[in-house]
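Trainee: Okay, handing you the structure first.
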Amino acid sequence: MTVGTGLPEDWDKRFNPSRYDAEGNLTASARQQDAQMGLASSGGGGGGGNGTHKASKEPWTAAGGVADDLRSSVSEGINQLKKAHENVTKGTSGFSSAKALADILGSWEGRLQKVKAECDGLSSSLKQTGIDFSENDKQVKGTFASGKGGK
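In structure tokens:
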């Protein structure tokens, strides 16, 4: 579900935490702001699209591919980070900085694993959206072709 900022709610909570109370609900001022934004953006008249909007699968599939590429890059980065850390630990054995370096590795590896997981979810969601658009278009075209659509 998107909120007044145009972001999905989970992303809005990350980027705009001040809009939410301790329980994770929108504050009264955020709800009011969202309502005002909705009213301000609603145009007069009723619909009347010109029929030029077309949704296709390709941009969604391409965006999913970009998320896959990012996931692969992050995975490679994790491997390189581990390899570099192995070399550093060999050279810092016995130094007090060795523990700090191990802590840093764990911290960064955890962050990168979260990015990788986010890319996995994003990729499949984007690709599924493309499939859904494509299937919906086919169903709508089929409805009109069979004479069951329209007024």
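Per UniProt numbering, the sequence shown starts with residue 1, numbered consecutively. Glycine residues also receive a C-beta, built at the ideal position from the N, C-alpha and C atoms.
Check whether the Cβ of residue 88 lies closer than 7 Å to any heavy atom of the ligand SAH, and answer yes or no.
Mentor: The ligand SAH is not part of this structure, which contains no ligands at all.
Trainee: How would you write the range of the alpha helix (DSSP H) that residue 125 sits in, first residue to last?
Mentor: Element bounds for residue 125: 97-145.
Trainee: Would you decide whether residue 123 is buried or exposed? Buried here means 16 or more other CB atoms lie within 10 Å of its CB.
Mentor: Buried: at least 16 other Cβ atoms inside 10 Å.
Trainee: Excluding five sequence neighbours on each side, which residues of the same chain lie with their C-beta closer than 7 Å to the C-beta of residue 77?
Mentor: Closer than 7 Å at the Cβ level, and outside the excluded window around residue 77, lie 112.
Trainee: Suppose you measure from the CA of residue 109 to the CA of residue 30; what does that come to, to the nearest Å?
Mentor: If you take the alpha carbons of residue 109 and residue 30, they lie about 35 Å apart.
Trainee: Is DSSP giving residue 26 helix, strand or coil here?
Mentor: Residue 26 falls in the strand class under three-state DSSP.
Trainee: So, for residue 101: in the same chain, excluding its five sequence neighbours on each side, which residues have a beta-carbon less than 8 Å away from its beta-carbon?
Mentor: So the qualifying residues of the chain are 85, 88, 89 and 92.
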